[in-house]
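See structure below.
Number of protein chains: 2
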Amino acid sequence: MGISTQLYLGDCKEELKKLAENSVDLIVTSPPYADQRKSTYGGIRAEKYVEWFLPVSAELFRVLKPTGTFILNIKEKVVDGERSTYVIELILEMRKQGWFWTEEFIWHKKNCYPGKWPNRFRDAWERLLQFNKDKKFKMFQEEVMVPMGNWTRTRLKNLSETDKTRDVSKVGSGFGKNISNWVTRSKAYPTNVLHLATECNNKNHSATFPEELPEWFIKLFTEEKDTVLDPFSGSGTTVIVANRMGRNSIGIELLPDYYQMVQKQLEPAELYLFETNNEKIEPKKRYAVR
Amino acid sequence: MGISTQLYLGDCKEELKKLAENSVDLIVTSPPYADQRKSTYGGIRAEKYVEWFLPVSAELFRVLKPTGTFILNIKEKVVDGERSTYVIELILEMRKQGWFWTEEFIWHKKNCYPGKWPNRFRDAWERLLQFNKDKKFKMFQEEVMVPMGNWTRTRLKNLSETDKTRDVSKVGSGFGKNISNWVTRSKAYPTNVLHLATECNNKNHSATFPEELPEWFIKLFTEEKDTVLDPFSGSGTTVIVANRMGRNSIGIELLPDYYQMVQKQLEPAELYLFETNNEKIEPKKRYAVR
DNA sequence: GTTCCGCATGAATCGATAG
DNA sequence: ACTATCGATTCATGCGGAA
Chain A
3 MGISTQLYLG
13 DCKEELKKLA
23 ENSVDLIVTS
33 PPYADQRKST
43 YGGIRAEKYV
53 EWFLPVSAEL
63 FRVLKPTGTF
73 ILNIKEKVVD
83 GERSTYVIEL
93 ILEMRKQGWF
103 WTEEFIWHKK
113 NCYPGKWPNR
123 FRDAWERLLQ
133 FNKDKKFKMF
143 QEEVMVPMGN
153 WTRTRLKNLS
163 ETDKTRDVSK
173 VGSGFGKNIS
183 NWVTRSKAYP
193 TNVLHLATEC
203 NNKNHSATFP
213 EELPEWFIKL
223 FTEEKDTVLD
233 PFSGSGTTVI
243 VANRMGRNSI
253 GIELLPDYYQ
263 MVQKQLEPAE
273 LYLFETNNEK
283 IEPKKRYAVR
Chain B
3 MGISTQLYLG
13 DCKEELKKLA
23 ENSVDLIVTS
33 PPYADQRKST
43 YGGIRAEKYV
53 EWFLPVSAEL
63 FRVLKPTGTF
73 ILNIKEKVVD
83 GERSTYVIEL
93 ILEMRKQGWF
103 WTEEFIWHKK
113 NCYPGKWPNR
123 FRDAWERLLQ
133 FNKDKKFKMF
143 QEEVMVPMGN
153 WTRTRLKNLS
163 ETDKTRDVSK
173 VGSGFGKNIS
183 NWVTRSKAYP
193 TNVLHLATEC
203 NNKNHSATFP
213 EELPEWFIKL
223 FTEEKDTVLD
233 PFSGSGTTVI
243 VANRMGRNSI
253 GIELLPDYYQ
263 MVQKQLEPAE
273 LYLFETNNEK
283 IEPKKRYAVR
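Chains A and B, in that order, are what the protein sequence lines are. When we follow the working numbering, the leftmost residue of the first sequence carries the number 3, and every step to the right adds one. When we follow the working numbering, the leftmost residue of the second sequence carries the number 3, and every step to the right adds one.
The following block contains the structure:
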């Protein structure tokens with residue numbers, strides 16, 4: 003079906019330079035947070051975080067199409083009893099790079115990390131920052147419409163009851179039309195708060211976000227055959243979901259273990275592998291081992 | 003019972019100067035947002051917002067006790083297709099004034115304002131920024147504990163059944179202790195996401211928050227007889243709730259209409275009124291007209 | 001085939017202890 | 001003094017095995 007997946011092994015700051023400018027429709031990524039994942043990624047100091055990220059966001063700006071969108075999943079940690087400011091400083095600096103800070107979605111985590119402290123509660127949300135190169139960007143709102151809440155469902159039920167009896171007396175005329183009307187009426191546009199659980203069964207990666215998350219943004223901001231990029235691929239959730247949804251995808255990952263793990267999970271597709279020696283490997287047909 | 007309510011009519015930047023330093027335990031307020039409510043407050047331009055707010059926050063810093071907390075309910079508006087940055091700039095500037103940015107709570111609005119735009123969804127959340135003067139502050143976490151999730155309802159039921167039969171056989175000894183243990187176990191500490199409905203019946207004020215909101219923070223950060231301040235009192239939700247909860251309260255409001263409206267809604271209490279002529283009016287006993 | 005229960009496991013945070 | 005490590009605390013979720 004002509005959908006390709008490219009996997010790069012290496013530091014995304016360098017690997018991104020190999021991508022053509024204005025070639026990506028959607029970037030969804032969750033970079034390592036400051037001082038996290040020390041054992042695997044080395045952990046970036048909170049004070050150095052902005053400085054570390056800006057060269058990456060500059061490359062992302064280059065490769066993103068003018069109609070494309072960049073979704074950045076991030077959350078500041080507590081440092082010395084206070085929320086660190088590197089995320090909000092990053093927003094200000096990225097705007098200087100030319101990014102528009104279009105929106106801030108909230109990921110309200112159903113199952114947040116437990117714990118008790120004298121001066122704060124559990125942290126149950128993360129930021130999903132939406133950046134764009136242009137004020138006009140592609141968006142397909144109908145693709146993520148959700149069933150209406152219960153308050154409408156009960157009301158709809160009553161209404162359709164009366165509607166049904168009326169239709170019966172009218173011997174079915176217009177029945178189908180009414181039904182289809184109710185179907186469209188029973189769906190609503192979502193808000194900028196996503197209420198999802200974290201993936202807690204993925205043993206291979208310490209910090210995967212749920213598949214629903216990239217899926218939601220891929221539906222919202224891309225069409226089939228579009229290209230989705232995740233420069234901090236990790237266990238590959240974004241790439242795998244994009245592939246399944248008929249989008250071309252590009253994943254970049256620093257650690258060989260994750261890089262190889264993602265290969266094995268991909269559905270049958272054209273797979274291009276770019277490894278540290280920078281040579282292009284022949285396309286392989288992979289068959290998913292599920 | 004010795005609970006007093008002070009109402010000031012005037013610009014809070016000036017009126018705050020009349021309050022003693024280190025005299026307030028909790029500040030909960032929702033200032034006018036940039037370019038909002040033009041008809042009433044004249045609307046502060048987004049570009050001027052930080053500059054406009056900093057003198058107020060400086061006074062708030064002065065009047066707040068070292069053990070006290072400042073909760074700022076705010077949300078940046080969309081300017082020219084992009085989220086404005088005045089809120090995050092304000093956080094950075096307030097830290098320079100000496101404030102600690104302890105936490106950012108999210109108010110997830112159950113029933114947010116309807117609407118549809120081509121490039122964004124409905125905004126269903128607002129920031130509740132927590133600032134402190136000191137890293138040690140008063141907090142009464144047990145006051146806001148919530149029932150545990152549904153998963154306990156099935157499992158805990160079975161456990162408490164066996165516990166109950168055992169206690170019956172033991173003829174009451176230790177019965178109360180066991181039960182109270184399960185009761186505490188059936189409650190959990192909340193998270194930093196508050197899921198509350200918006201006030202549907204906004205009578206006159208265009209941006210009231212629900213009573214649960216100040217109530218939650220008053221329970222969490224104050225005891226009885228403590229003092230709660232709202233420098234942008236508006237329709238007086240914070241002051242009225244504080245009064246009802248047995249806390250001293252101070253409200254400052256620029257507009258005479260709101261100022262007078264709040265007076266009428268207060269429960270019987272010592273009420274001190276400070277009007278534009280700066281004279282202290284005799285304490286009045288008010289009786290609520292509900 | 002369901003439903004139910006036991007259990008491990010998290011992008012956490014604080015305070016104390018150790019180098 | 002300043003940083004690194006460790007234990008304690010805490011709770012929603014989904015998996016796997018059992019009834």
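The C-beta atom is built at its ideal place from N, Cα and C for all residues, glycine as well.
State yes or no: is the beta carbon of residue i nearer than 7 Å to at least one beta carbon in chain A?
i      : result
R124/B : yes
R85/B  : yes
M141/B : yes
Y51/B  : no
W153/B : no
W127/B : yes
K137/B : yes
Y35/B  : no
Can you tell me where the beta strand (DSSP E) with residue i in it begins and where it stops?
i      : result
T319/B : A question about residue 319/B goes unanswered here, because the residues of chain B that appear run from 3 up to 292.
E106/A : 102-111
I73/A  : 66-76
Q8/A   : 6-11
Y260/A : Unbroken run through Y260/A is the alpha helix (DSSP H), 258-267; no beta strand (DSSP E).
V30/B  : 26-31
L231/A : 229-232
Only counting the same chain, and skipping five residues up and downstream in sequence, which positions put a Cβ closer than 8 Å to that of residue i?
i      : result
N134/B : G70, T71, F72, W101, F102, T104
E217/B : V243, M247
R129/B : L74, N75, I76, K77, V89, E106, F107, I108, W109
N121/A : G83
D136/B : P68, T69, F102
Looking at chain B, is there any beta carbon in it that lies within less than 7 Å of the beta carbon of residue i?
i      : result
K245/A : Before going further, note that residue 245/A is Asn rather than Lys in the sequence given. Chain B, which has no Cβ nearer than 7 Å to the Cβ of N245/A, makes this no.
T7/A   : no
R193/A : Residue identity differs from the one stated: residue 193/A is Thr in this sequence, not Arg. Closer than 7 Å to some Cβ of chain B, the Cβ of T193/A qualifies, so yes.
K77/A  : no
Counting C-beta neighbours from all protein chains within 10 Å, is the total for residue i 16 or more, i.e. buried, or is it exposed?
i      : result
S41/A  : exposed
P22/B  : The sequence given here has Ala at residue 22/B, not Pro. Exposed is the call here.
Q262/B : exposed
E144/B : exposed
D228/B : buried
A199/A : exposed
R47/B  : exposed
W153/B : exposed
V264/B : buried
Y115/B : exposed
D259/A : exposed
E226/B : exposed
E295/B : The requested residue 295/B is not part of the displayed model; chain B covers only 3 to 292.
F142/A : exposed
D82/B  : exposed
W109/B : buried
G44/A  : exposed
P233/A : buried
Check whether the Cβ of residue i lies closer than 6 Å to any heavy atom of the ligand ZN, and answer yes or no.
i    : result
G4/B : Within the structure as shown, the ligand ZN is missing, as the structure has no ligands at all.
Who are the near neighbours of residue i in its chain, counting only those whose CB is closer than 7 Å to its CB and skipping five residues on each side?
i      : result
E213/A : T239, V243
V148/B : K189, A190, P192
E95/A  : V52, L56
D13/A  : L256
G117/A : R124
Y88/A  : A36, A48, Y51, V52, E78
Over what stretch of residues does the alpha helix (DSSP H) that includes residue i continue unbroken?
i      : result
D136/B : No alpha helix (DSSP H) holds D136/B; DSSP gives it neither H nor E.
E255/A : Looking at the DSSP string, E255/A is not in any alpha helix (DSSP H); the run it does join, the beta strand (DSSP E), is 250-255.
Y191/B : Element bounds for Y191/B: n/a, residue is neither H nor E.
V241/A : 239-246
Y88/B  : 88-98
E17/A  : 14-17
Could you pull out every residue in the same chain whose Cβ sits closer than 6 Å to the Cβ of residue i, ignoring the five residues on either side in sequence?
i      : result
F219/B : V30, I73
K112/B : A199
R85/A  : E78
L2/B   : Since the first residue of chain B shown is 3 and the last is 292, residue 2/B is not available in this structure.
Y10/B  : E17, I254, F276
In chain order, what residues of the segment 213-226 of chain A put their CB closer than 8 Å to some CB of chain B?
none
Select from the segment 103-120 of chain B all residues with a C-beta closer than 8 Å to any C-beta belonging to chain A, and list them in chain order.
W103, T104, E105, E106, I108, H110, C114, K118, P120
Short-range partners of chain B found in the segment 86-98 of chain A, where Cβ spacing is below 8 Å
T87, I90, E91, I93, L94, R97
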